[in-house]
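Numbers in the numbering used here are just positions in the sequence shown, counted from 1, shifted up by 822.
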Amino acid sequence: MLTNKIALITGGGTGIGKAIGVQLAKNGAKVALASRSHAHIELAATELRALGLSVLPLQMNVRRKQDIDQAVARVFAEWGAIHILVNNAGISGLSMIDDPDDAKWYDIVDTNLNGMYLITKQVLKHMPDHSGGRIINISSVLGKFGVPGYTAYCTTKHGMIGFTRALALEVVQRGITVNTICPGWVDTEMAALGIHETAALQGITPEQFKAQAVAAVPIKRFLDADEVAHLVCYVASEQARAITGQAINICGGQTMV
């Protein structure tokens, strides 16, 4: 389905990003996995190679333009122009408005929004026109609604949707689509961190908060990262060529917006 396509996934060392890399590669794409963690990206690359999949590990911090330029140049030198960019790199964490330290706000915004902007800008310089070009941004249902204590994270995830809608119209004449995927609760390390942080904020145990979270999802479970990855594969495919500027939920019915 994606034979001869070149894909770059940021935040590709663990969780949703790694699952996306596996599924894109299983569908025929050559996959460059990028992460700021050398250990994570090498372990992920080893797993993909063990499956007989084509992978290029890249240590890259999306907040550093020099890292981005070097990584994109390496993909181009190894395989050619990138057809599919998945902007999955992101961080979360509590960012209370009364926190006297602004560092968490800037850290989250710089990674989730500025990082997405910088890598997308660089990739689009070389993405071929009318060749199945895809920009796929991994936002969250928290791009559709807010929760207390996560103002910075919610701001960035809403911002990704606005970025998607505007950019989709900017590049549409090049035959490139731009879409956002908005997962709900997915069983990942980031979700576990959120459970522990929010439970502490509410003065309950992580187990109690997770039970509440599951109860609030109509399908009564967290998603698996592979479920998100399969949706990304569809959006990256030729079958989805008419879909652009959209923010697509995959959340078990958690939000209908």
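We put the CB at the ideal spot given by N, CA and C, even for glycine. Because the structure is a prediction, the values reported are computed rather than measured.
State the start and end residues of the unbroken alpha helix (DSSP H) segment that holds residue 1034.
Residues 1028-1037.
Please list the terminal residues of the continuous alpha helix (DSSP H) segment that includes residue 946.
Following the DSSP letters along the chain, one finds residue 946 inside the alpha helix (DSSP H) bounded by residues 937-946.
Leaving aside the five residues before and after residue 851 along the sequence, list all residues of the same chain whose C-beta is less than 6 Å from its C-beta, in chain order.
824, 827, 829.
Within 7 Å, strictly: CB atoms of residue 973 and residue 1059
Result no, Cβ atoms of residue 973 and residue 1059 do not sit closer than 7 Å.
My parser needs the alpha helix (DSSP H) runs of 4 or more residues fully inside the stretch 954-1014; what are they?
Taking only runs of at least 4 residues, the alpha helix (DSSP H) segments lying wholly in the stretch 954-1014 are 973-993.
Here's the rule: buried if 16 or more other CB atoms are within 10 angstroms of the residue's CB, otherwise exposed. What is residue 945?
Counting every other CB atom within 10 Å of its CB across the protein chains shown gives residue 945 a total of 16 or more, marking it as buried.
To the nearest angstrom, how far is it from the Cα of residue 1063 to the Cα of residue 994?
Their backbone Cα atoms lie some 11 Å apart in a straight line.
Going by DSSP, which residues form a beta bridge with residue 855?
Residue 855 pairs with 831, 879.
Through-space distance from residue 954 to residue 1061, alpha-carbon basis
For residue 1061 and residue 954, the distance between alpha carbons rounds to 10 Å.
Short check: CB of residue 1005 to CB of residue 913, under 7 Å?
Taking the C-beta atoms as reference points, residue 913 is found no nearer than 7 Å to residue 1005.
Can you determine whether any heavy atom of the ligand ATP sits closer than 6 Å to the C-beta of residue 824, and answer yes or no?
Summarising the ligand content, the structure contains no ligands, and the ligand ATP is consequently not present.
Could you give the distance in angstroms between the alpha-carbon of residue 956 and the alpha-carbon of residue 889?
Take the alpha-carbon of residue 956 and the one of residue 889: they are about 22 Å apart.
Local Cβ density within 10 Å of residue 1026, reported as buried at 16 or more and exposed below that:
Exposed is the call here.
Cβ of residue 1066 within 7 Å of Cβ of residue 999?
Result yes, Cβ atoms of residue 1066 and residue 999 sit closer than 7 Å.
Counterpart residues of residue 907 in DSSP-defined beta bridges:
Residue 907 is bridged to 830, 957.
According to the Cβ coordinates, are residue 983 and residue 911 closer than 7 Å?
Not a contact, by the Cβ cut-off of 7 Å.
Return helix, strand or coil for residue 1071, following the three-state DSSP convention.
Strand, per DSSP.
Measuring CA to CA, which of 966, 1029, 1049, 988 is closest to residue 843?
The option with the nearest alpha carbon to residue 843 is 1049.
Which partner residues of residue 1045 appear in the DSSP bridge assignment?
Looking at the DSSP assignment, residue 1045 forms a beta bridge with 1008.
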